[in-house]
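Protein chains in written order, with my numbering: chain D, 1 to 378; chain S, 379 to 550. Notes to accompany the following structure.
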Amino acid sequence: MKNFFISLYICTLICLLFFSYAYIDSNLIYFRLLYSGFSYNYRATTTILFTSLVIILFVCYLFFIYLFQNKLLSVRDVKKLIITTITILFLSYPAMLSYDIFNYIATAKVVFFYKENPYIIMPIEFINDPLLLFTHAANKTALYGPVWITLTSFPFLLSFDNFLLTLFLFKLIPLVFYLYSLIILYKLSKNWYSILLFSLNPLVVIESLISSHNDIVMMGLALTAILLIKNNRNVLAMVFLSMSIGIKFSTIFLLPAFIYVIYRRLQKKGVNWNKMHSFSFLGMSSIFVLSPIREEMYSWYAIWFFIFVALMPDKKRIVKGSILFLFGLSLRYIPFMYVGTYDDTVIRARTAFMYIPLVIYISLIFIKKAIGKYRRYL
Amino acid sequence: MKYFLFFFIFLFLSHNNSSVSAQSSYVLPYPAVMPGSMWYKVDLIQEILEKYWYFGNFSQFSYYINLSDKYLIEAKVLFEYKQYLLGINALKKSDSYYPEAFEHLQKAKDEGKNITKKRSMLEYAALKHIEVLKKMKNETPSEVIWTPEKELPTYILLHDALDSSMRIREKI
């Protein structure tokens with residue numbers, strides 16, 4: 001049974017790798033030979049395929065958790081699964097679900113090629129730049145922090161103006177930080193279950209290793225800050241927290257958790273690290289919930305709080321609820337994938353997809369409680 | 379459990395699906411802080427610091443064109459309040475920043491950047507500036523003697539200054 005699920009998981013990843021190339025943009029001149037237009041011409045088929053792949057990945061993920069809890073999946077197996085996931089998905093096409101990677105490249109080009117301030121000058125201002133053909137947020141100034149922009153100088157400058165090299169070097173940053181985050185997560189939790197919970201979650205895998213979002217970079221640095229403050233290296237911890245904030249600003253919501261630690265230490269009292277992790281979870285959940293104020297609740301923002309869920313594996317309801325919510329967030333792409341436009345119906349359907357698994361879970365808890373009360377009453 | 383409920387209700391409430399869009403042509407800014415305000419010096423310091431923040435020739439173009447716009451409006455408001463000496467100083471600043479914007483555009487062109495859109499933006503700015511300057515000319519006397527307290531009077535040729543400002547814009 002274990003081998004069947006491992007094989008199924010690997011096959012699904014390989015399918016996802018090929019499936020991602022169905023989303024090549026017709027304007028992406030560098031991938032012209034691989035362009036098929038499949039995802040645009042066969043919307044129903046691609047939607048069914050995507051939904052099936054996500055469901056299979058979640059089923060495998062839940063099964064791996066079950067096997068690990070019952071000591072049927074070893075640490076060695078988990079390591080192998082992580083390495084296989086990274087190796088396969090590194091080769092995937094990154095703009096399957098989001099065009100953010102092109103925004104990262106465009107912003108880096110504004111700074112390191114055109115030598116302009118990306119917070120003032122938009123990529124669209126460089127008329128005739130080939131990136132404008134397929135970059136979707138070219139009409140915006142830089143959305144990310146200076147630390148992220150500095151970090152992108154490495155892949156940008158090392159690619160020597162070769163687009164394919166640029167694209168895959170940009171994919172390498174989140175991949176490296178995905179691995180780095182797992183190492184720090186292990187140092188914090190000393191628990192392979194936490195690693196499994198976070199690393200193989202399909203949303204984390206898709207958003208970090210396929211779509212290559214920089215959220216994993218931000219959270220990797222934030223986790224390092226927590227590890228450092230735990231080891232009494234307060235100044236360095238603050239440096240890492242500032243660096244994390246300098247990636248995408250959201251981790252500023254971790255400050256109350258850090259203030260709690262400093263306050264307890266000033267009072268010469270012991271720090272309850274579980275409480276610190278809970279504060280961090282609450283802080284990042286708050287900014288996640290508030291994210292529609294700025295734009296919308298994107299799926300990959302779930303990484304912000306889910307990494308802390310992995311640090312609290314004993315809080316079973318939070319773990320289960322979060323996994324189901326992440327499942328809903330992964331399905332939120334379906335309505336747009338099928339229709340191809342962002343009308344009101346699509347937006348409503350997307351919201352429904354997002355919440356339905358969580359609603360069902362909460363309802364079940366209520367029903368279970370009600371039944372329990374009723375039985376006691378009888 | 380109640381935390382879950384709270385979280386869930388908040389998730390729903392925080393959903394905002396409305397979208398906003400805007401469209402604008404070349405417009406001059408609202409008047410900023412005026413001389414005499416305690417914030418005027420802070421504003422000047424901010425201007426100096428922003429010069430370094432606006433690195434790159436396109437950014438510098440934006441920096442100088444924004445300043446040229448800002449000081450033109452400052453001059454206009456000061457003229458309206460008959461603060462001619464301060465108004466002339468603001469006008470001179472606006473005049474000096476406008477060619478600087480053009481200079482950075484030329485540098486951007488030398489770097490191989492396509493300046494077509496920015497060039498037409500500069501031309502639109504010139505047209506708008508000239509329109510404002512003409513209006514100012516109609517509303518002001520051709521010359522004034524400005525006598526500040528405890529200082530020597532200054533003879534200001536307002537129309538000559540406004541004509542010179544228009545020529546600077548027309549030349550570019």
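We treat Cβ as the ideally placed atom computed from N, Cα and C, and that holds for glycine.
Per DSSP, the bridge partner or partners of residue i
i: Val455(S); result: None, per the DSSP bridge assignment.
i: Trp524(S); result: Thr532(S)
Sub-8 Å separation of residue i and residue j beta-carbons
i: Ser415(S); j: Leu450(S); result: no
i: Ser299(D); j: Leu197(D); result: no
i: Asp215(D); j: Trp304(D); result: yes
i: Ile86(D); j: Leu175(D); result: yes
i: Phe353(D); j: Arg376(D); result: no
i: Ile24(D); j: Ser440(S); result: no
i: Ile371(D); j: Thr47(D); result: no
i: Leu445(S); j: Tyr404(S); result: no
i: Leu89(D); j: Leu209(D); result: yes
i: Ser20(D); j: Tyr93(D); result: yes
i: Gln438(S); j: Tyr432(S); result: yes
i: Phe134(D); j: Asn27(D); result: yes
i: Phe64(D); j: Leu73(D); result: yes
i: Ile318(D); j: Met219(D); result: no
i: Tyr178(D); j: Phe68(D); result: no
i: Ala222(D); j: Leu254(D); result: yes
i: Leu530(S); j: Leu511(S); result: no
i: Leu53(D); j: Cys11(D); result: no
i: Met276(D); j: Tyr263(D); result: no
i: Ile199(D); j: Ile55(D); result: Reading the sequence as shown, one finds Ser at residue 199(D) and not Ile. Not closer than 8 Å, so no.
i: Met238(D); j: Phe50(D); result: no
i: Leu483(S); j: Lys496(S); result: yes
i: Leu536(S); j: Thr518(S); result: yes
i: Ile245(D); j: Val217(D); result: no
i: Leu358(D); j: Leu324(D); result: yes
i: Lys320(D); j: Tyr361(D); result: yes
Assumed close pair residue i, residue j - CB separation to whole angstroms, cut-off 8 Å
i: Leu132(D); j: Pro123(D); result: 7 Å
i: Phe480(S); j: Leu464(S); result: At roughly 26 Å, the Cβ-Cβ gap does not stay under 8 Å, so Phe480(S) and Leu464(S) are not in contact.
i: Asn201(D); j: Leu326(D); result: 6 Å
i: Val522(S); j: Tyr462(S); result: 5 Å
i: Glu452(S); j: Met514(S); result: Not quite, the Cβ-Cβ distance comes to about 12 Å (not below 8 Å), so this is no contact.
i: Arg545(S); j: Ala504(S); result: Contact flag wrong, Cβ pair sits at about 11 Å.
i: Leu17(D); j: Leu97(D); result: So it is not a contact: roughly 14 Å between Cβ atoms.
i: Phe126(D); j: Asn492(S); result: 7 Å
i: Phe240(D); j: Ala225(D); result: 4 Å
i: Ile379(D); j: Tyr144(D); result: The displayed coordinates of chain D run from 1 to 378. Any statement about residue 379(D) would go beyond what the structure contains.
i: Pro409(S); j: Asp447(S); result: Pro409(S) to Asp447(S), Cβ: 11 Å. No contact.
i: Ile287(D); j: Phe258(D); result: Actually they are not in contact, since the Cβ atoms of Ile287(D) and Phe258(D) sit about 15 Å apart, beyond 8 Å.
i: Phe154(D); j: Thr166(D); result: At roughly 11 Å, the Cβ-Cβ gap does not stay under 8 Å, so Phe154(D) and Thr166(D) are not in contact.
Proximal residues of chain C, C-beta to C-beta of residue i below 7 Å
i: Thr494(S); result: Among the chains of the structure shown, chain C does not appear; the protein chains present are D and S.
### Query
On the three-pair Cβ rule with 8 Å, is the stretch 106–123 of chain D touching the stretch 416–429 of chain S?
They do not touch, by the three-pair rule.
#### Entry: Three CB pairs or more closer than 8 Å across the stretch 6–23 of chain D and the stretch 290–298 of chain D
Flag = no, the stretch 6–23 of chain D and the stretch 290–298 of chain D do not touch.
### Task
Indicate whether the contact test is met: 3 or more Cβ pairs, each with one atom in the stretch 157–175 of chain D and one in the stretch 277–293 of chain D, closer than 8 Å.
The stretch 157–175 of chain D makes no contact with the stretch 277–293 of chain D: fewer than 3 CB pairs, one atom from each, lie closer than 8 Å.
### Task
Mind the definition here: the stretch 73–83 of chain D touches the stretch 25–44 of chain D only if three or more C-beta pairs lie below 8 Å; say whether that holds.
Contact between the stretch 73–83 of chain D and the stretch 25–44 of chain D is absent, with fewer than three C-beta pairs closer than 8 Å.
### Task
Give, in chain order, every unbroken run of the alpha helix (DSSP H) that is at least 4 residues long and sits entirely within the stretch 155–197 of chain D.
Segments of the alpha helix (DSSP H) lying fully in the stretch 155–197 of chain D: 163–189.
### Query
What are the uninterrupted segments assigned as alpha helix (DSSP H) that are 4 or more residues long and contained completely in the stretch 57–127 of chain D, given in chain order?
Listed in chain order, they are 75–90 and 100–112.
### Query
Whole alpha helix (DSSP H) runs in the stretch 320–344 of chain D with 4 or more residues, listed along the chain?
Taking only runs of at least 4 residues, the alpha helix (DSSP H) segments lying wholly in the stretch 320–344 of chain D are 334–339.
### Query
Is it a yes or a no for the stretch 180–200 of chain D touching the stretch 304–318 of chain D, going by three-plus beta-carbon pairs under 8 Å?
With the cut-off at 8 Å, the stretch 180–200 of chain D and the stretch 304–318 of chain D touch.
### Query
Along the chain, which unbroken stretches of the beta strand (DSSP E) at least 3 residues long are found entirely within the stretch 230–265 of chain D?
If we require 3 residues or more, the stretch 230–265 of chain D turns out to have no beta strand (DSSP E) run fully inside it.
#### Entry: Whole alpha helix (DSSP H) elements within the stretch 434–513 of chain S, 4-residue minimum
For secondary structure counted as the alpha helix (DSSP H) over 4 or more consecutive residues, the stretch 434–513 of chain S holds these complete runs in sequence order: 435–458 and 462–488.
### Message
Threshold first: 4 residues or longer. Then list the alpha helix (DSSP H) segments lying entirely within the stretch 263–301 of chain D, N to C.
### Response
Runs of the alpha helix (DSSP H) inside the stretch 263–301 of chain D: 273–294.
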